[in-house]
Structures are given as C-alpha cells and as structure tokens.
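Residue numbers (our numbering): 10 to 419.
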C-alpha cells in the first residue's frame, strides 16, 4: 500500500533573489551610496495564488513592474526575508481566495505589509496569472506609494478563533444544501415516473409512510426501493443538522454571555440567524456609516451611468457582499413580517409584502430593500445608536413555535 508523507515546511529557501536579476539591478541602483540620496521606495509585490504556489510581479516604488515569475509559497516568504535583510520595506498584495489565511500571516511574520484584496476582475477579458499579479502590484503601489486609500477593496482577515466560530453555521448551511439536493433527486425520480403530486419533504417521518403505501398500491415496488436509499441519505444528513442545531443554541447562549451589552434576541430572528450575524460580521464597529453596512451584504444597486442622457442609471443589486447574510436576512424578513410586524421597515413595504395578489417582482424588490434596512438597523442596535423601541421591534419572550414542515422532519 502506498504511503504519503507531508513535506516539511521550508521557509528559508536560499538565494531567491538570484532568480530575479532585473530586480537585483533595480535594487542595486538605489543601494549605491550617494550624497543627499532620497529615502528608498517600497518594494511592491503582487502575488496571484494558485495550488502550486504563486505567480508574482515586483515593482520598486512608482516605477513599472520589473520582475516576476512562478514561486512556491516558501520561496515567496524567503524573498520577503531577503529583501528585509537588505533593508527594504516590502508591501505585498494577494486576493481573498480559497487558500485560507495562513499564507498572509506567514508573510507578515517574514516582515511584509500584506493587503488582502477582494476578488474581482482585474484585467478585463484577457486574464492570465502574470497580468493579475501585475494588477495586484499596482494596487499595492497605489496604497503604499501614492497614498490612495481607495486603491483596491481590502477585506478584513478573520482570526483563527473567528474562523472556528463561523465554521459551525457554515457547515450547517452546507449540510442543509446537501439534504436539499438529495430530496430534489428523489422528487425528480418521482416526476420521471409520472407522479406529480409529490408531498413536501417526502422523506419525513410522517410523509414517507403514506408515500410508500401509495407506491406499493400502484405496484411501483422498485421505485419505493430506490427512494428508500435516497431517504437514508436524507435522514443521515438531517440527523447531523439536528445535532448542529443543539450546538448552535449552545454557541448562541455562550456568545450572549460573553457580550451582555448586546441587544436581546428579536422575536422572529432566532438563535441561528443571530449567531450567523455575529460570526459573519465579527465586529459591528468595523462600519463607520450606514452605507458601509449596506454594502457589506451586497444589497446596493449596481450602476452604469456612463453617458446616460437621463443622469443616474441604477440596476439590480451588485451582490458584492456576504451572500450568507443575504440569505439569512431574506428569510428573517418574512419571519419578522409575522412575528414583528411593527418594525419600521414594514411601514413602507409591509403592505406590498402582505398583498397575496401583488407582483412577485415588486415583492422581491421590497424584500431586498427590507434586508438592507434590517441589517443597517441591526448595526445601529449593536453599536448603541438606537433602541428596539425606536425601531418598532420587540424582544423574544418565549421560544417560537416550529413550523409544521420542520416538525415533520423530526
């Protein structure tokens, strides 16, 4: 049997700078002793991360990119150490991608100033690793050389504890999505066989006996057997979701004990949504105004007003923010319309949401407007800018009754 061993981490690769002769020549021009020489500019590095390592682009000060190439993560850290040993200040930019936050922390330990930029289209339709690395280097230079604080969108890096806390709600969301896919596969099998009256949550403990009896009566023994295997998967996933629900309640109680000054649990919000808000936002004081809070969840309208004869032209929401919060708050708005109808957001859009014959498009727009306003109100609550009474909200006095669809699954 083949065995696998993890390679030891080698963060001190020797002579990394020798692979960049053009950079060495550029550095040597600044390192020559001259009278009244200006201070050294910063070395700006853009690193486009991939699984094997990183494609980097290097520029010195306000000059253009002078060097680049493909390096391993250990070699990039070694390059930073070599530059720091020669007396250079190093600033490095990476994109927030699926490779975690350990590499930026390693670069900071090596002595670099690291900026983690939000993922976006940097080079238009012609996209390569080298072009992206050069664009990242230019974003870094815009911040540290030209002093442009709006160069690129820098994201907040979570700590190890914050990553651990938000893993619970994210793992539960993935399990719920997987359970939904298994349920949809079984429903699709029933549709293929001409059975259109498929009950909601067909694998539930109350629904499944009736569905199985109907299939047996119709002589569809093989279909019942095929659905049983799908049901076992759904029940196994559901058991894991219920176990995580207990952990969510415990985590929400622990979080409330750690922050006694936080607002009480809102009637209609629930432990899961409250915990998701806390672990995804991490720090409510990170927003300096309502516009920043609204942009964080991606519910701001997109805009393409270049050359528009009528002035400003707004489009659909940009969805540039946290999609998990958007989903959680969209569900929360519908619950609040039932359990907390006095909220100030329903004064403007409540009638449209309650209209059963209203346009679905207008309802969706109203819900998104409520989501943005709700998140801003929650930010104001957590930062002490307002009170529940001023917003027309009330705290939860007793646990809410679980919907019948959820009770069927349990």
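In this text, a Cβ means the ideal position worked out from N, Cα and C, and glycines have one as well.
Bear in mind the structure is a predicted one, so any value in this text is a computation, not a measurement.
So the candidates are the options; which of them puts its Cα closest to the Cα of residue i?
i: residue 212; options: 236, 229, 197 and 232; result: 236
i: residue 299; options: 387, 153 and 169; result: 387
i: residue 251; options: 348, 390, 184 and 334; result: 184
i: residue 229; options: 253, 238, 249 and 204; result: 204
i: residue 98; options: 82, 116 and 104; result: 116
i: residue 49; options: 64, 33, 60 and 69; result: 69
i: residue 177; options: 166, 255 and 114; result: 255
i: residue 258; options: 42, 85, 389 and 174; result: 174
i: residue 247; options: 275, 292 and 187; result: 187
i: residue 389; options: 376, 305, 330 and 294; result: 294
i: residue 262; options: 281, 112, 326 and 249; result: 281
i: residue 137; options: 56, 159 and 155; result: 56
i: residue 373; options: 406, 385, 113 and 358; result: 358
i: residue 323; options: 313, 219, 330 and 296; result: 313
i: residue 54; options: 406, 122, 208 and 395; result: 122
i: residue 383; options: 34, 304, 363 and 406; result: 304
i: residue 6; options: 320, 319 and 381; result: With the chain represented from 10 up to 419, any question about residue 6 goes unanswered, as that position is not in the structure.
i: residue 28; options: 78, 39, 218 and 347; result: 78
Going by DSSP in three states, residue i sits in which element: helix, strand or coil?
i: residue 379; result: helix
i: residue 22; result: In this prediction, residue 22 has a pLDDT of 44, which is less than 50 and means its spatial position is unreliable; nothing more can be read from the coordinates.
i: residue 216; result: helix
i: residue 305; result: helix
i: residue 122; result: strand
i: residue 17; result: Reliability of the predicted coordinates at residue 17 is poor, the pLDDT of 49 falling under 50, and no value is obtained from them.
i: residue 401; result: coil
i: residue 84; result: helix
i: residue 297; result: coil
i: residue 103; result: strand
i: residue 268; result: coil
i: residue 325; result: strand
i: residue 311; result: strand
i: residue 154; result: coil
i: residue 29; result: coil
i: residue 164; result: coil
i: residue 275; result: strand
i: residue 43; result: coil
i: residue 368; result: coil
i: residue 406; result: coil
i: residue 138; result: helix
i: residue 373; result: helix
i: residue 330; result: coil
i: residue 108; result: coil
i: residue 234; result: helix
i: residue 159; result: coil
i: residue 352; result: coil
i: residue 205; result: coil
i: residue 394; result: coil
Would the beta-carbon of residue i fall within 7 Å of that of residue j?
i: residue 100; j: residue 164; result: no
i: residue 31; j: residue 76; result: yes
i: residue 393; j: residue 349; result: no
i: residue 401; j: residue 352; result: yes
i: residue 91; j: residue 26; result: yes
i: residue 126; j: residue 96; result: no
i: residue 190; j: residue 253; result: no
i: residue 438; j: residue 93; result: Because the chain spans 10 through 419 in this model, residue 438 falls outside it and cannot be assessed.
i: residue 58; j: residue 124; result: no
i: residue 146; j: residue 63; result: no
i: residue 233; j: residue 224; result: yes
i: residue 166; j: residue 110; result: yes
i: residue 342; j: residue 376; result: yes
i: residue 105; j: residue 128; result: yes
i: residue 302; j: residue 385; result: yes
To which residues does DSSP link residue i through a beta bridge?
i: residue 78; result: 65
i: residue 210; result: None, per the DSSP bridge assignment.
i: residue 58; result: 63
i: residue 131; result: None, per the DSSP bridge assignment.
i: residue 53; result: 68 and 100
Checklist entry - So, do the segment 64-84 and the segment 129-148 have three or more beta carbon pairs nearer to each other than 8 Å? => result yes
Checklist entry - Would you call the segment 280-292 and the segment 322-339 in contact, with 3 or more CB pairs under 8 Å? => result Three or more Cβ pairs closer than 8 Å define a contact, and the segment 280-292 meets that threshold against the segment 322-339.
Checklist entry - Using 8 Å as the threshold, is the segment 259-271 in touch with the segment 361-371, meaning 3 or more CB pairs across them? => result no
Next on the checklist: Taking contact to mean 3 or more Cβ pairs, one atom from each stretch, closer than 8 Å, check whether the segment 177-196 and the segment 307-315 are in contact.
Outcome noted: no
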